[in-house]
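In what follows, a structure is listed as structure tokens, so that the remarks can point back to it.
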Amino acid sequence: MIALPRRGVWLFPSAPAHALVEAAVTAEQRGLDEFWLGDEGPARDPFAVLAAAAVRTSRIRLGVAVTNPYLRHPVALAAHAMTIDELSGGRFVLGLGPGGNVALGPANVPRTRPLATVREALHTVRAVTAGRAEAGYAPPAGAFTRPRVRIVIGSRSRGFQELASREADGVFLGGVPEPLIGQTVAWARSVRPIEVALYGTAALGDTVTEEVRPQLVMPLADSPPHVHEALGLDPVRLRAAANALAAGDAGPARRLVSDDVLSAMVLHGSPREIGRRLRGWLTHRSDSIGLSITADDPVQAVADAAQALATLSATSTAADGVANPEVAR
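In terms of UniProt numbering, the sequence shown opens at residue 1 and continues consecutively.
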């Protein structure tokens, strides 16, 4: 009998803030268990949106995946996290990572010492939430604390997976090429059995798939070398295509992302087709499975994603003999 993982959605916060809040409400109403927002550059602030969503929902987990300590000071991140966790009754998850060019590029912020910087930020956030001293932080008397805020690490590299396995509550795995999922999950659980959230980029429909194709160069350009090698991509050409896309020219990116790369990176098709493909991910025994989506209408996108994820549940139940499955929370 297979225990079904939690199911959720991740959104890039490009839509109006009120629509993103409604998307969180819709996710809960559709039976999903997690709702994540990205923190990538000049977009709606995920912490503000999730604070509003916290008072409109009662059950669903709310998370940022991922923010970075270059644009946001760890002490401020801890305050954001504790506040939303308090508003939501303990449902908030803070995702930390090194950030990518989408977030850091517009601000011209270099990503120096990424692994050490994220590790130090993790330690600082833990210190603030627990009210204890740490290098660079001395808690004032009577400081607000909330020591049980969950913290996960988001990155595709081995070093970050192993950091998470040693020190965090879990990992958020998004944008991992399908052939590399097993290896990446193993890295995340190499020290201790932390929670794994496994999210795939989704494109519902042929038109959406072609819209997603050039956008893939951004995460691919920021990916570690083993991803480039597995997909047969030249990192120099990837960075050039990403720079061209940022300047408004999608041509190089569209030409660089082949159908094979697209298939490895994107779940596309009807909700039922995506659900069937996700069913294969159950072998990785992740604690949650979800879909990452970018949409002008986030409410409809969440509804479509929920339909695909419901198909996953139905096909898994029928195939594996799971009676009355309960999603662990």
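Ideal Cβ positions, reconstructed from N, Cα and C, are used throughout, including at glycine.
Computed from a prediction, not measured in an experiment: that's the story for all the values here.
Buried versus exposed call for residue i [16 or more other C-beta atoms within 10 Å across all chains shown]
i	result
P179	exposed
H18	exposed
P214	buried
Q161	buried
P193	exposed
T112	exposed
R146	buried
R119	buried
R329	Reliability fails at R329, whose pLDDT of 35 lies under 50, so the model's placement of it is uncertain and the value that follows must be treated cautiously. Result: exposed.
G321	Here G321 scores only 43 on pLDDT, less than 50, and its place in the model is too uncertain to base an answer on.
A241	buried
T283	exposed
A305	buried
S58	exposed
P16	exposed
E326	Interpretation of E326 is limited by its pLDDT of 34, a score under 50 that renders its predicted location unreliable; the figure taken from the coordinates is listed afterwards. By the neighbour-count rule (16 or more Cβ atoms within 10 Å), E326 is not buried but exposed.
R255	exposed
Residue range of the unbroken alpha helix (DSSP H) whose run includes residue i
i	result
G182	181–188
L71	No alpha helix (DSSP H) holds L71; DSSP gives it neither H nor E.
E162	158–167
E178	Per DSSP, E178 belongs to no alpha helix (DSSP H) and is neither H nor E.
L122	114–130
D246	As written in the sequence, residue 246 is Ala, which differs from the Asp given in the question. Segment 235–246, the alpha helix (DSSP H) holding A246.
E229	225–231
A250	From DSSP, A250 is part of no alpha helix (DSSP H); its letter is neither H nor E.
A103	101–104
Residue i: CB within 8 Å of a non-hydrogen atom of the ligand SAM
i	result
Q215	Ligands in the displayed structure: none, and consequently the ligand SAM is not present.
CA nearest to the CA of residue i, picked from the options
i	options	result
S14	I293, L312, A310	I293
R156	A130, A127, L115	L115
T117	G159, A197, Y70, A103	Y70
A264	V212, V176, G290, P106	V176
S88	V25, V171, V75	V25
L20	I153, A76, A48	A48
A54	R30, H73, A23, G232	A23
L231	V257, F92, P42, L77	V257
P74	A244, Q300, E134, V217	E134
G99	G154, E34, L267	G154
G8	I289, L312, F144	I289
L104	A246, V302, Q307	A246
A188	Y199, L163, T209	L163
L122	P271, R237, T283, L96	L96
A308	G275, D85, A301	G275
residue 334	A76, R132, S270	Because the chain spans 1 through 329 in this model, residue 334 falls outside it and cannot be assessed.
Bounding residues of the beta strand (DSSP E) (the contiguous stretch that carries residue i)
i	result
V217	V217 -> not in any beta strand (DSSP E); alpha helix (DSSP H) instead, spanning 217–221.
R150	150–153
G200	195–204
G95	92–96
R6	6–11
- What residue ranges within the segment 20–65 form continuous alpha helix (DSSP H) runs of no fewer than 4 residues, ordered along the chain? For the segment 20–65, whole alpha helix (DSSP H) runs of length 4 or above, ordered along the chain, are 46–54.
- Message: Is it the case that the segment 221–237 contacts the segment 195–205, given that we only count it when at least three CB pairs across the two stretches are under 8 Å?
- Response: With the cut-off at 8 Å, the segment 195–205 and the segment 221–237 do not touch.
- Which parts of the segment 261–312 are runs of the alpha helix (DSSP H), unbroken and 4 residues or longer, counting only runs that do not cross its ends? If we require 4 residues or more, the alpha helix (DSSP H) runs fully inside the segment 261–312 come out as 271–279.
- Query: With contact counted as at least three CB pairs below 8 Å, one residue from each stretch, are the segment 183–201 and the segment 132–140 in contact?
  - Reply: The segment 183–201, when compared against the segment 132–140, does not touch it at the 8 Å Cβ threshold.
- Message: For the segment 29–42 against the segment 59–68, do three or more pairs of beta-carbon atoms, one drawn from each stretch, fall closer than 8 Å, so that the two count as touching?
- Response: The answer is yes - the segment 59–68 touches the segment 29–42, with three or more Cβ pairs under 8 Å.
- the segment 167–175 touching the segment 247–261, judged by at least three CB pairs closer than 8 Å: Touching, no, given that fewer than three Cβ pairs across the two stretches are closer than 8 Å.
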